[in-house]
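See below for the structure under consideration.
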Amino acid sequence: PRRGIDCPPPMCLLALRWKTVPGVPVVLAANRDESLARPFDPPRLHPGPVPFVAPVDRAAGGSWVGLNAAGLVVAVTNRPGRETGASFRSRGLLVLDALRAPGIDRLREALERHLRGQEASYANFHLLAAAADGAFVVRYHHGWTEVTDLTEGDHFLTNEDELDEPRPPSVAGTPGESSVPGVLGAA
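Here our numbering = 1-based position in the sequence shown + 310.
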């Protein structure tokens, strides 16, 4: 508690609007609330065959969100139940690897191949990937991997909850509407 106020544990949040905004197939809002004191560099261009823009975590060298030149957005949240440590590869490095993919289908194939049999490689995570032609979430939990294709619409992901659970009431209306003025497209 800070100053006598009970504060909930830090939470990472990803909110995706996929194919609901005309002319903009992917809209992602994300926060990084794991450790506010953890140093990072602001988003920068990472050159390569598929260049991308992403911030860089100075502690582990990875990132938590980015966008590549092919229109692919990738973001990650932590999941509870497995501590991080020197024996685990940084989940943020997986994000940087993913951003090098030339498209959503190639990324999905690469992730499924890479994560198969990797039970000791990463701390638990959710990884969201979205582009104009597809979107999915990878749930990695103690080496078990599940890939869920997303349907058009609004999707929410936190480090604590499963995909779209609980559904925040502020966007409970139809795609493009919100019950809170100024939030996710409301007038």
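Where is the CB? At the ideal position from N, CA and C, for every residue including glycine.
Computed from a prediction, not measured in an experiment: that's the story for all the values here.
| Item | Value |
| --- | --- |
| Using DSSP with H/G/I as helix, E/B as strand and the rest coil, what is R327? | strand |
| When you compare only the Cα positions, how much space is there between S431 and L404? | 11 Å |
| Ends of the alpha helix (DSSP H) at A420? | I414 to L425 |
| Expressed to the nearest angstrom, what Euclidean distance is found between the alpha-carbon atoms of P412 and S345? | 31 Å |
| Leaving out five residues before and five after E487 in sequence, what residues of the same chain have Cβ atoms less than 6 Å from its Cβ? | Residue confidence for E487 is low, a pLDDT of 43 falling below 50, so the modelled location carries little weight; the figure read from the coordinates is stated next. Excluding residues within five positions, none has a Cβ falling inside 6 Å. |
| Count the other C-beta atoms from every protein chain shown that fall within 10 angstroms of the C-beta of P359, then say buried if there are 16 or more, exposed otherwise. | exposed |
| In chain order, what residues of the same chain have a beta carbon less than 6 Å from the beta carbon of A325, not counting five sequence neighbours either side? | A339 and F466 |
| Three or more C-beta pairs closer than 8 Å, one from the stretch 326–337 and one from the stretch 348–359: is that the case here? | no |
| Among residues of its own chain, excluding the 5 on either side of E462, which ones have a beta-carbon nearer than 7 Å to its beta-carbon? | W328, K329 and T330 |
| Report the three-state DSSP secondary structure of R401 (helix, strand or coil). | helix |
| Quick one: measure Cβ to Cβ for P365 and D351, integer angstroms, because I've assumed they're closer than 8 Å. | 6 Å |
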